[in-house]
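Residue numbers (this note's numbering), protein chains in the order written: chain A, 1 to 635; chain B, 1001 to 1200; chain C, 2001 to 2331; chain D, 3001 to 3200.
Glycine is no exception: its CB is placed at the ideal position from the N, C-alpha and C atoms.
The structure presented is a predicted model; accordingly, all values stated were derived computationally and were not measured.
Read through the structure below, which is laid out as structure tokens, and then see the notes.
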Amino acid sequence: MTQDGDGLRDSSMEGSELHRRLTAIWSTPSGLWGALSTVDHKIIGRRYVTTAFVFLALGGVLSLLIRLQLAQPEARFIGPDRYNQIFTMHGTNMMFLFAVPVMQAMAIYLVPLMVGTRNIAFPRLNAFSYWVYLAGGLLLWIAFAVDTGPDVGWFAYVPLAGPEYGAGKRADIWAQMITFTEVSALAVAVEIVVTVFKQRAPGMSLDRIPLFVWSMLVTSFLVIMAMPAIMVASSSLILDRLVGTHFFNPAEGGDVLLWQHLFWFFGHPEVYIIFLPAVGMVSTIVATFTRRPVFGYLGMVMALIATGVLAFGLWVHHMFVAGLPRLGESFFTASSMAIAVPAGLQIFCWLATMWAGRPVFKTPFLFVIGFMVIFVIGGLTGVMVASVPFDTQVHDTYFVVAHFHYVLVGGAVFPLLGAVYYWFPKFTGRMMSETLGRWIFGLIFTGFNLTFFPMHILGLQGMPRRIYTYQPEMPWSGLNLFISLSAVILALGFLLFFVDAIRSARSGSLAPANPWGARTLEWATSSPPPPYNFARLPVVDRLDPLSDDIEAVPVASGLRVDRRELLTSSVVHASPEAREASPGDSIWPLWAALASTLMLIWSIFSPWAVVWGSIPLAITLIGWFWPKGVPEDEA
Amino acid sequence: MKDKVVIDLAHLPPHGLGTASQSWWGTLAFMLIEGTGFALAIVVYLYLMSLAPQWPLDAAPPDLVAGTTLTVFLVLSVLPNILVNRWARQQDLRKVRIGLIVMSLVGIVPLILRAFEFPAMHIKWDQNAYGSIVWVMLGLHTTHILTDLVETLVLTCLMFSRHADNPRRFGDVNDNAMYWNFVVATWLPMYACLYWVPRL
Amino acid sequence: MKTHRALPLSVLVLASGCGGYQSALGAKGAPAIHVEHLIVGIVAVCTVIWILVMMMLVLALVRARRSVASQATGSEKPLTVAVSAAIAATVVIIAGMTIASFYTTRNIGLPDSTALTITVRGQQWWWQVFYADSPAGPGFQTANEIHIPVGRDVRLRLESPDVIHSFWVPSLAGKQDLVPGRTNSLLLRAEKPGVYRGQCAEFCGLQHSHMAILVIAETQAAFEGWAATQRLDAAGSADPDIAAGQASFMAKPCAACHTVRGTPAGGTTGPDLTHVGGRRTIAAGLLETTRGSLAAWIADPQTLKPGNNMPMVPLTSIELRNISAYMESLK
Amino acid sequence: MAEKVSSSSKAVFALAGVLFLAASGAILGWFRQPRELRLDPPLSANLDRIKLMPNGISGSPPESYFAIGKPYESDAWNLSQGKRLYAWFGCGSCHGDGRGGVGPSFLDGWWLYGPEMVSIVASIRDGRPHGMPAFRDRMTSEQIWQLAGYVQTIGSYKPKVAAPSRNDDRQTRPAENRGPAKILFDEGPAGVHPDQGPTP
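So, in structure tokens, the structure goes:
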């Protein structure tokens, strides 16, 4: 069936000629049009990361406003209406516009490189997912800017977010922003699953997949299984609000707690969707900076999968005080505590790796050490809130605020910052500053602990979450002032981080292909990689294909250079199956994203938007998939 | 770092079919997403039922005629669908063209039957939670029929265009056939839930 | 790093030192005391674990730095044993915590019968409290203040007519949500007489921050005396200011939302004010009850508690003074 | 690679994108919903200064009402407060869910005193013959305006974007944001009164 033997092959091509031809076929044209129509996973991944960090900065500004208001009792700096918008925006923004997208964004950039392929699977879907994500973020922030930001909390409990108590379109904007980000997250999850399953370099069997790729694979499955729940929930909410369905109306057979079940069936796995990629980053950084592979590869993979499975059996621990039967709750106590086993296993394996390795204390590794210190606290307070009686006292207090910041900032943002320092040379071709990096780590580590540790105490002292102020007679003002001042240190650390990142991207010292002596495939190509990633696809015969004793990287030849071509391989053994075309640049994903945006925003106002808005969407999708007669469209 | 060519891939086919193609896996992943959505809708239905004093809430059980006819029709539609799938695998363009025209027509019939299913529920979406969930379940499944119908129509046009005779197009037909089977398969538990659970 | 190691310990010291009248530590009621024991136990165990893990981390980093050559020779077997042992220890510890948690759950559950049942309805943004009919007399309604006899089991029936609230008086018991369409229950029991503050712990809208409740635990006799007073209608007064205040109250929009038993005022939207002057605070714990604070509140409720449902009623200064006097007189 | 698109059509596409973004921004700006939780006492006192025609029908609101952007007709927060006032002040005991009872209906296209805000405000404030009591002493001016805005919304034939959604109660009629007057309108034997109210 190989009737097309006529394509131009790379087999006997010289390096420079190969480079010229591959560049011609894979590169993104310059200019606005090229930027809008590119499907290069590296360009889109960088865009995604940058956008997510912009949202991080905006969310950080909101948190400073919160701290300003809470620095003293009965402060009048921000009124309750604006304050409720601010904390809702902070949570929503950090979870849906920063944490999940940034982890997926790192994967969009890194996974194809780490598995040794030339582009992500479904690259046009990838472009589409970015535009949809951007539109969702703009919707939320523009709404907030015009004083129509959601004010119902990031978990938008009904009936407060429901039709009767959530006046106006604020809650609808929240719910529809969810749809935007979920569509984009689901799309990316599918791309990553298929990339990992089908596009691994020849020989990269399941037991040779880098741990970061494993973590993203498990994360993507979590996204696929968990996010439909929030889509069902937010759609039901919009229907209740717009056309008068009764999902959450107890007077007509609906149920208020149904919302909480649906939300947390998504919401708890969400935590692991954010945390598991960080686990992969930590494993990668630990391996590189201890100069040895991570101890217990199989155990680490099993722990990832076990965490992913257990993640779906924990959601009720967010509802311990909602009045569910106590016996059922005890089951969820047990399952919530059980997740400490795989988490513990990972911690112990990293410790063992450090024990047996030769640590090099570079900035990425410092962030990993900071992660260990902070995340263990977050994990232990997680065990605490898993206990029903314990939780009845700390649920919805600042203890929980402290807990999840220890888990999410300690467990995910610290590894992420480490990962940015680690992969920055690959992303940009330039190194970040090691000196500044140490300062930044010091400021963020100190600022973080001083800011969030006292919140545990405030919670036990009875300070609830989400209050816009507190009365002077409560014994909380001292610690609150202390926290607000400490937040300045933390903010300074992040400010310096942004300064360093921007400065280094423009004028950092030039990076070699493999500045850290790392052993995964993304370091086998130049920094930054060429548009085609690898001139010849690498062949893998071990877990760490760039280990020190390798003299020349084994590669494969025989791919065409007159169309975008990559290799598909079998799921288990990664033995080559076909030379596959990878779609070229296209503007249609952007049009499809704009059509989706039109339909989704319109449907906040009218149910008919789903009918009429689907027409332009269908047109753009047909335009997207209709063959254009280019070599990539044919086989 | 230096390269060392160890294998040559020139002999491989220029496009993978079935499990060797990415789009097959992509379709599977999207089916997993949507399947989770359907499963959740059924869970919501059963959850609301568990809370209700009687079920259906303030309504007679749905009439069986439209829904059962649709179910039988959907199950039967799998036959031509399997044939189209087989012809596409054999890359028999003429048969695939005929099959796709048949499947396009087959895709329209359920929409007509569906129009009779909504009134057969004896309730509107805004009357109570039972009405809300049955309308949403029917609506959710209808969008899937509609989506697949549009996809089939587009593919039919495509197979009559100059792009038709190409393994990649036949792969698309395979994926579309797989998706139709999925649309049928998801309907069966929904049918049992909507029409028979209220009669238990 | 040293300060951080000391921090988990200091949390115990610090927090138990300042167990105020709204604190999970320094509990004064049986359920909260059980939970406090559990909290202290689990926090202590976790602190030890954290210290051990941090010691391992420091040792691993320091050791490896010192002995660069050693790692090549060592086999991985000791590490495997160590990691396995650590995991086994994790399993044992979390099993222990699960069991401890389970027993505490049983201890804080509601007994089959309680001395008193009080219905609490959370509203945006105040607490409506119903005492049921009892042999001592008919039931009555009050707001934002619960009196209970000390040393007795009290069952709270928790309901909400609007959004979800959460009843939380940390010194006496853990929290329990008030969920529209459902009725939840909570065991309350005070071991010592005292005033215990609580506040809504589930975000419920604009004034979630100002939705406090006081639980006043007193001896059986004092409690019965208080209940007897609450059952009475509002007493009239000969004082001309108070009488004028009452007249204004009835003529102005006040009576449309508030009930004062024994008068024509029978509104049900706002709190029952029959004995408002006898309560310690007004506006759900916002201000102490004094004539001045009453006047301030009535004059401009939207500045003191923006977004709450009490409108700003235009009053002359004399009307304001008289109505405040009237309110204060309703002991 | 990608389709060949001439530079002029590129510019058109880019322009379309920019216009689209601008339009979405403008739409959002239009739906800006700042909440005025505390109306300044002078403003609220001024709200009382409506000018009415001698027959008590129609007239004009004070200038300041326009200056603050007619919030009682267009602002979701005020309308939903009005809906709560409707329940708290027992309007339903005479007017039912808006379809009337002892008192007149708001949904029948027949506004006894015209559909303007000032007329409704005057009806609530001063009462009307045949049983409509005056609420002057039971509600503040701001509350009367909020309630009037809500009452006007119930009877509107074009559902307002800011109109309240359904309550978490038993459903008796479609919620205000779905235009109940339009859905439930029953011309009745007497026909509509074009002189007095809007026609559907």
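Of the other Cβ atoms in all chains shown, 16 or more fall within 10 Å of the Cβ of Asp151(A); this residue is therefore buried.
For secondary structure counted as the alpha helix (DSSP H) over 4 or more consecutive residues, the segment 295-373 of chain A holds these complete runs in sequence order: 297-310, 326-338, 340-356. The Cβ atoms of Ser2209(C) and Tyr470(A) lie closer than 9 Å to each other. In this structure, the CA atom of Ile108(A) is about 13 Å from the CA atom of Phe128(A). Scanning the segment 502-571 of chain A for uninterrupted beta strand (DSSP E) segments of 3 residues or longer gives 552-557, 565-569, listed from N- to C-terminal end. Bridge pairing for Ser2084(C): absent [DSSP]. For Gln2128(C), the uninterrupted beta strand (DSSP E) run begins and ends at 2126-2131, by DSSP. The Cβ atoms of Pro359(A) and Leu2061(C) lie closer than 9 Å to each other.
Counting only the Cα atoms, Thr2142(C) lies some 46 Å from Pro228(A). The Cβ of Trp608(A) sits no closer than 9 Å to any Cβ of chain B.
The Cβ-Cβ distance between Pro342(A) and Gly280(A) does not fall below 9 Å. In this structure, Thr1142(B) places its C-beta atom within 9 Å of the C-beta atom of Arg1114(B).
Beta-bridge pairing by DSSP links Arg579(A) to Leu567(A). For the pair Ile444(A) and Phe494(A), the CB atoms are nearer than the 9 Å cut-off.
Note that the segment 2300-2311 of chain C does not touch the segment 2159-2166 of chain C; fewer than 3 beta-carbon pairs, one per stretch, sit closer than 8 Å. Rounded to the nearest whole angstrom, the C-alpha separation of Leu594(A) and Val400(A) is 39 Å.
Ranked by how close their Cα comes to the Cα of Arg579(A), the residues Gln199(A), Leu36(A), Gln72(A) have Gln199(A) in first place. Nearest to Gly2109(C) by alpha-carbon distance, out of His2275(C), Trp2168(C), Gly2174(C), Glu2224(C), is Gly2174(C). Annotated three-state conformation of Ala2247(C) is helix, per DSSP. Nearest to Lys3158(D) by C-alpha distance, out of Gly3127(D), Pro3180(D), Gly3092(D), Tyr3150(D), is Pro3180(D).
Here the alpha carbons of Phe498(A) and Met2211(C) stand approximately 41 Å from one another.
As DSSP reads the structure, Ser2185(C) sits in a beta bridge with Arg2157(C). Pairing Phe375(A) with Val115(A), the inter-Cα distance amounts to about 29 Å. Excluding five sequence positions before and after Ala340(A), the CB atoms of its chain that fall closer than 6 Å to its own CB belong to Val383, given in chain order. Apart from the 5 residues on each side of it in sequence, Phe289(A) sits with its Cβ closer than 7 Å to the Cβ of Pro359, Val360, Lys362, Pro364, Phe365 in its chain, given in chain order. When C-beta distances to chain D are compared with 9 Å, the residues of the segment 1125-1136 of chain B below that value are Asp1126, Gln1127, Asn1128, in chain order. Among the CB atoms of chain C, one or more fall inside 9 Å of the CB of Arg3138(D). What Leu1100(B) touches in chain A, judged by beta-carbon distance under 7 Å, is nothing: the nearest beta carbon there is about 15 Å away.
With a cutoff of 9 Å on beta-carbon distance, Ala161(A) and Leu237(A) are scored as near each other. In this structure, the straight-line span from the alpha carbon of Phe247(A) to that of Pro1062(B) is close to 20 Å.
Per DSSP, Ser603(A) is one residue of the alpha helix (DSSP H) stretching across 588-605. One Cα belongs to Thr2303(C), the other to Glu473(A), and the distance between them is close to 19 Å. Of Ser37(A), Leu600(A), Thr525(A), Gly558(A), the smallest CA-CA separation from Leu546(A) is found for Thr525(A). Secondary structure note for Gly2277(C): it is in no alpha helix (DSSP H), with a DSSP letter that is neither H nor E. Counting only Cβ-Cβ distances below 9 Å, Trp3110(D) has no contacts in chain A at all, with the closest Cβ about 25 Å away. Measuring C-alpha to C-alpha distances from Asn3078(D) to each of Asp3108(D), Gly3098(D), Ala3016(D), Ala3148(D) identifies Ala3148(D) as the nearest.
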